[in-house]
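Quick notes on the structure that follows.
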Amino acid sequence: MEPVLWFGWFRADIIAEYGELFWRGLGMTIGVTLICIVQGSLLGLLVGLARLADARHNPAKLLCRVLLRWPASIYVSFFRGTPLFVQILLIHFAVLPLLVNPVDGLIVAGDAARELKQNYGALVSGVLALTLNAGAYISEIFRAGIQSIDRGQIEAARSLGLSFPRTIYHVVLPQAFRRMLPPLGNNAIALLKDSSLISAIGLAELAYAARTVAGAYSRYWEPYLTISLMYWLLTLALAYGVRRLEIRYGRGDTR
Amino acid sequence: MAEAIRVSALTKHYGQLQVLRGIDCAVADSEVVCVIGPSGSGKSTLLRCLNGLEAASSGQVLVHGVPVHDPATDLDQLRTEIGMVFQRFNLFPHKTVLENITLAPGVVRRLTASAARDRAELLLRKVGVLDKRDAYPNRLSGGQQQRVAIARALAMQPRIMLFDEPTSSLDPEMVGEVLAVMQTLGEEGMTMVVVTHEMAFARRVADRVLFLDQGQLVEEGTPADLFDQPQEARTQRFLSKVL
Chain L
-10 MEPVLWFGWF
0 RADIIAEYGE
10 LFWRGLGMTI
20 GVTLICIVQG
30 SLLGLLVGLA
40 RLADARHNPA
50 KLLCRVLLRW
60 PASIYVSFFR
70 GTPLFVQILL
80 IHFAVLPLLV
90 NPVDGLIVAG
100 DAARELKQNY
110 GALVSGVLAL
120 TLNAGAYISE
130 IFRAGIQSID
140 RGQIEAARSL
150 GLSFPRTIYH
160 VVLPQAFRRM
170 LPPLGNNAIA
180 LLKDSSLISA
190 IGLAELAYAA
200 RTVAGAYSRY
210 WEPYLTISLM
220 YWLLTLALAY
230 GVRRLEIRYG
240 RGDTR
Chain U
16 MAEAIRVSAL
26 TKHYGQLQVL
36 RGIDCAVADS
46 EVVCVIGPSG
56 SGKSTLLRCL
66 NGLEAASSGQ
76 VLVHGVPVHD
86 PATDLDQLRT
96 EIGMVFQRFN
106 LFPHKTVLEN
116 ITLAPGVVRR
126 LTASAARDRA
136 ELLLRKVGVL
146 DKRDAYPNRL
156 SGGQQQRVAI
166 ARALAMQPRI
176 MLFDEPTSSL
186 DPEMVGEVLA
196 VMQTLGEEGM
206 TMVVVTHEMA
216 FARRVADRVL
226 FLDQGQLVEE
236 GTPADLFDQP
246 QEARTQRFLS
256 KVL
């Protein structure tokens, strides 16, 4: 292909040549981000609730502490207290081989394991690491959101005969969700950007595409500027979506 | 008359702080009992022990014979029989007036949406806030919010209503409308326990008045007896300040 120069220095032909790689990378980045937002939010909700678990009488009171609050705290502390990059490497090169292994995998073994690792190893590890990391941060958002709800709301619901789970579902979470949306949005944006770290274990997402192109041509402006713009557009779209949700769920707000 | 509530030797302490020091009292069916006393006397704590919002330290509360503080008691079931109205209204801000009222009947009593709606509108007409049915609570005045809160509690068709200083966070001009609703309710035969600073209301509506001070039930009697011929020095001192 003939070199195509934009503004006298931007080799647009390189981007065009690897167009499909970028598009697939974009699809992978979006897919991984969405999956991790959904899974991380569910995990975060469960862990957040676990960190708040309590009971009125023993032995349930003790069980809540030992089986729910302590493990949840340790999990959150670990994943917030270590670098995501290290978590990705740890999960991909240490944890995953333990679980998925042709010889003695704990979850998958034999040829299925070989196939899975070959084709989807980086994807599984990356999604797992990012989900666990996001879950830890999101659980703190849920915890703070739930704790910010006035006790009177819970008392009013309980006095009407609503059980604790129903109170959480019908009264606490809808109100907490409204307050959690801005931090959840920030978290989703961080997750989108952090997904680029998975390229280190060979997942073909946006950053990986850029690295491939940079390696092939020894040109750096074109690929990295291109993916920077793509990430930027994605984060702008996410921020816009979150703002729409805030407006939609802002009904009845005192402000 | 049958007994609605019986409280025996009820105590409550938070750490070192003794809030209730052995309360014995009873409320009959269809009786309106007002609980008065200085702030910090334990009035609200006593009320909140009646539906288990507050755990008792010792002693017993029976509501229609059911022990409230027995771990084996299904508190959710029991609470459907006991409505409660709070000082700060505690309406659900993310739900409209109508949704506030239909939530519990729908979720707990499994009423159909239309049945819950009919019941809610009937109650809203009764408390005079029907025109606000589709508004969110933050658009309502304090008096309207409290009347909606009363309707919300009544929608579960409770046999007992508890009121925790229902007019204390209202502007003075709105107190009357809330008390009027409560008076009507009492006249219709609802069993009511009302923690209040409204002495005129207590005198007019209550069948019996309890005076609490420092976690003890100091004196009880008909409004005429308690307000006009208080026997205890503490009661006299309190009444001389508030009347």
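Listed in order, the protein sequences are those of chains L and U.
With the numbering used here, the residue at position 206 of the first sequence is 195, and numbering never jumps.
Numbers given in the numbering used here equal positions in the second sequence, counted from 1, plus 15.
We put the CB at the ideal spot given by N, CA and C, even for glycine.
Predicted model, so just to flag it, every value in this text is computed and none were measured.
(request) Pick out whichever of U:Gly98, U:Ala150, U:Val81, U:Phe104 has its Cα sitting closest to the Cα of U:Glu114. (result) Along the second sequence, one-based indexing puts residue 114 of chain U at 99. Proximity to U:Glu114 across U:Gly98, U:Ala150, U:Val81, U:Phe104 peaks at U:Ala150, based on C-alpha coordinates.
(message) Using DSSP's beta-bridge definition, name the partner residues of U:His79.
(response) What you label residue 79 of chain U is simply residue 64 of the second sequence in a count that begins at 1. For U:His79, which the question treats as bridged, DSSP gives no partner whatsoever.
(request) Could you confirm whether any beta carbon from chain L is found closer than 9 Å to the beta carbon of U:Gln92? (result) The count along the second sequence starts at 1 and reaches residue 92 of chain U at position 77. Chain L has a Cβ within less than 9 Å of the Cβ of U:Gln92.
(message) Do L:Ala228 and L:Ile187 have their beta-carbon atoms positioned less than 9 Å apart in this structure?
(response) Counting from one through the first sequence, the residue named residue 187 of chain L turns up at place 198. Counting from one through the first sequence, the residue named residue 228 of chain L turns up at place 239. No. Outside cutoff.
(request) Would you mind stating whether U:Ile165 and U:Val142 have Cβ atoms separated by less than 9 Å? (result) The count along the second sequence starts at 1 and reaches residue 165 of chain U at position 150. The count along the second sequence starts at 1 and reaches residue 142 of chain U at position 127. In this structure, U:Ile165 places its C-beta atom within 9 Å of the C-beta atom of U:Val142.
(request) Go through its chain and collect everything with a Cβ distance to L:Ala39's Cβ below 6 Å, but skip five positions before and after it. (result) Working through the first sequence from its first residue, we reach residue 39 of chain L at position 50. Cβ within range, chain order: Leu57, Ala61.
(request) Starting from L:Ile138, follow the beta strand (DSSP E) in both directions and report where the run begins and ends. (result) Here residue 138 of chain L refers to the residue found at position 149 when the first sequence is read from its first residue. Looking at the DSSP string, L:Ile138 is not in any beta strand (DSSP E), and its letter there is neither H nor E.
(request) Kindly provide the ranges of any alpha helix (DSSP H) runs that are 4 or more residues long and lie completely inside the stretch 130 to 207 of chain U, ordered along the chain. (result) Within the stretch 130 to 207 of chain U, the complete alpha helix (DSSP H) runs of at least 4 residues fall at 157 to 169, 187 to 202.
(request) Report back the beta-carbon spacing between L:Arg118 and L:Gln76 to the nearest angstrom; my notes put them in contact at under 8 Å. (result) Against the first sequence, residue 118 of chain L aligns to sequence position 129. Against the first sequence, residue 76 of chain L aligns to sequence position 87. Note that residue 118 of chain L is Ala in the sequence shown here, rather than Arg. Indeed they touch by this definition, with Cβ atoms about 5 Å apart.
(message) With three or more beta-carbon pairs closer than 8 Å as the criterion, would you say the stretch 185 to 200 of chain L touches the stretch 14 to 27 of chain L?
(response) Cβ pair count under 8 Å is three or more, so yes.
(message) I want to see whether chain C comes within less than 9 Å of L:Ser148, judged by CB atoms only; does it?
(response) Annotation note: the requested chain C is absent from the structure, which comprises protein chains L and U.
(request) Consult DSSP for U:Phe226 and reduce its assignment to one of helix, strand or coil. (result) Numbered from 1 along the second sequence, position 211 holds the residue referred to as residue 226 of chain U. Strand, per DSSP.
(request) Alpha carbon to alpha carbon, how far is U:Phe104 from L:Met169? Give it in angstroms, no decimals. (result) Counting from 1 along the first sequence, the entry for residue 169 of chain L is found at position 180. Counting from 1 along the second sequence, the entry for residue 104 of chain U is found at position 89. Taking the straight line joining both Cα atoms gives about 24 Å.
(request) Whole angstroms is fine: what's the gap from L:Val55's alpha carbon to L:Leu31's? (result) The count along the first sequence starts at 1 and reaches residue 55 of chain L at position 66. The count along the first sequence starts at 1 and reaches residue 31 of chain L at position 42. Pairing L:Val55 with L:Leu31, the inter-Cα distance amounts to about 22 Å.
(message) According to DSSP, is L:Ile96 part of a helix, a strand, or is it coil?
(response) The count along the first sequence starts at 1 and reaches residue 96 of chain L at position 107. Reduced to three states, the DSSP call for L:Ile96 is coil.
(message) Looking at the secondary structure, which residues open and close the beta strand (DSSP E) in which U:Lys58 lies?
(response) In the second sequence, the residue the question calls residue 58 of chain U occupies position 43. Unbroken run through U:Lys58 is the alpha helix (DSSP H), 58 to 65; no beta strand (DSSP E).
(request) May I ask which residues mark the beginning and end of the beta strand (DSSP E) holding U:Lys27? (result) Numbered from 1 along the second sequence, position 12 holds the residue referred to as residue 27 of chain U. Residues 18 to 29.
(request) Go ahead and pull the three-state DSSP assignment for L:Phe166. (result) Position 177 of the first sequence, counting from 1, holds the residue named residue 166 of chain L. Reduced to three states, the DSSP call for L:Phe166 is helix.
(request) Closer than 8 Å, Cβ to Cβ, to anything on chain U: give me those residues from the stretch 129 to 153 of chain L, in chain order. (result) Cβ contacts with chain U come from Asp139, Gly141, Gln142, Glu144, Ala145, Ala146, Arg147, Ser148, Leu149, Gly150, Leu151, Ser152.
(request) Starting from the beta carbon of U:Thr88, find every residue of chain L whose beta carbon is closer than 8 Å, and list them in chain order. (result) Working through the second sequence from its first residue, we reach residue 88 of chain U at position 73. Under the 8 Å cutoff, chain L gives no residues; its nearest Cβ is about 12 Å from U:Thr88.
(request) Could you say which of U:Gly98, U:Ser72, U:Cys64, U:Thr95 lies nearest to U:Val83 if we only look at CA atoms? (result) Taking the second sequence and counting its residues from 1, the one referred to as residue 83 of chain U is at position 68. Comparing C-alpha distances from U:Val83 to each of U:Gly98, U:Ser72, U:Cys64, U:Thr95 shows the shortest one belongs to U:Cys64.
(message) So that I know if they touch, is there some Cβ in chain L lying closer than 9 Å to that of U:Pro181?
(response) Locating residue 181 of chain U in the second sequence gives position 166, where the first residue counts as 1. With 9 Å as the cut-off, U:Pro181 does not count as an interface residue toward chain L.
(message) For U:Ile97, would you say it is in contact with chain L, using Cβ-to-Cβ distances shorter than 9 Å as the test?
(response) For this step, residue 97 of chain U is matched to residue 82 along the second sequence. Chain L, which has a Cβ nearer than 9 Å to the Cβ of U:Ile97, makes this yes.
(message) Between the alpha carbons of U:Leu227 and U:Leu169, how many angstroms are there, rounded?
(response) By one-based count along the second sequence, residue 227 of chain U stands at place 212. By one-based count along the second sequence, residue 169 of chain U stands at place 154. Those two C-alpha atoms are separated by around 27 Å.
(request) Run the CB neighbour count on U:Val220, radius 10 Å, all protein chains shown included, and call it buried at 16 or more, exposed below. (result) As a working note, residue 220 of chain U is residue 205 in the second sequence. By the neighbour-count rule (16 or more Cβ atoms within 10 Å), U:Val220 is buried.
(request) Would you mind sorting L:Arg147 into buried or exposed? The rule is 16 or more other CB atoms within 10 Å of its CB. (result) Start at 1 with the first residue of the first sequence, and residue 147 of chain L comes out as number 158. By the C-beta density criterion, L:Arg147 is buried, having at least 16 other C-beta atoms within 10 angstroms.
(message) If contact is defined by three or more beta carbon pairs under 8 Å, each pair taking one atom from either stretch, is the stretch 86 to 93 of chain L in contact with the stretch 153 to 160 of chain L?
(response) The stretch 153 to 160 of chain L vs the stretch 86 to 93 of chain L: no contact.
(message) I'd like to know whether the C-beta of U:Val123 is nearer than 9 Å to at least one C-beta of chain L.
(response) Reading the second sequence from its first residue, position 108 is the one you call residue 123 of chain U. Yes, its Cβ sits closer than 9 Å to a Cβ of chain L.
(message) So for L:Val55, helix, strand or coil by DSSP?
(response) Taking the first residue of the first sequence as position 1, residue 55 of chain L is located at position 66. L:Val55: helix per DSSP, three-state reduction.
(request) Could you check the C-alpha separation between L:Arg244 and U:Arg134 for me, to the nearest Å? (result) Start at 1 with the first residue of the first sequence, and residue 244 of chain L comes out as number 255. Start at 1 with the first residue of the second sequence, and residue 134 of chain U comes out as number 119. Reliability fails at L:Arg244, whose pLDDT of 40 lies under 50, so the model's placement of it is uncertain and the value that follows must be treated cautiously. Their Cα atoms are separated by approximately 31 Å.
(request) Could you tell me the distance, in whole angstroms, from the CA atom of L:Leu225 to the CA atom of L:Lys182? (result) As a working mapping, residue 225 of chain L is identified with position 236 in the first sequence. As a working mapping, residue 182 of chain L is identified with position 193 in the first sequence. In this structure, the alpha-carbon of L:Leu225 lies about 12 Å from that of L:Lys182.
(message) For L:Leu173, which residues in the same chain have their Cβ closer than 8 Å to its Cβ, ignoring the five residues on either side in sequence?
(response) As a position in the first sequence, residue 173 of chain L is number 184, starting the count at 1. Exclusion of the five residues before and after L:Leu173 leaves Ser30, Ile127, Ile130, Val231 as the residues of its chain whose Cβ lies within less than 8 Å of its Cβ.
(request) Specify the secondary structure class of L:Arg244 as computed by DSSP and reduced to three states. (result) Locating residue 244 of chain L in the first sequence gives position 255, where the first residue counts as 1. The predicted model places L:Arg244 with a pLDDT of 40, which falls under 50 and marks its position as unreliable; any figure quoted below should be read in that light. Three-state DSSP puts L:Arg244 in coil, outside helix and strand.
(message) Using beta carbons (cut-off 9 Å, strictly below), is L:Gln164 in contact with chain U?
(response) Position 175 of the first sequence holds residue 164 of chain L. At least one chain U Cβ lies under 9 Å of L:Gln164.
(request) With distances taken Cα to Cα, identify the nearest neighbour of U:Val34 among U:Met189, U:Glu202, U:Gly57. (result) Counted from its first residue, the second sequence places residue 34 of chain U at position 19. That would be U:Gly57, whose Cα lies nearest to the Cα of U:Val34.
(message) Closer than 8 Å to a non-hydrogen atom of the ligand MN - does that hold for the CB of L:Arg200?
(response) Annotation note on the ligand MN: not contained in the displayed structure, which lists no ligands.
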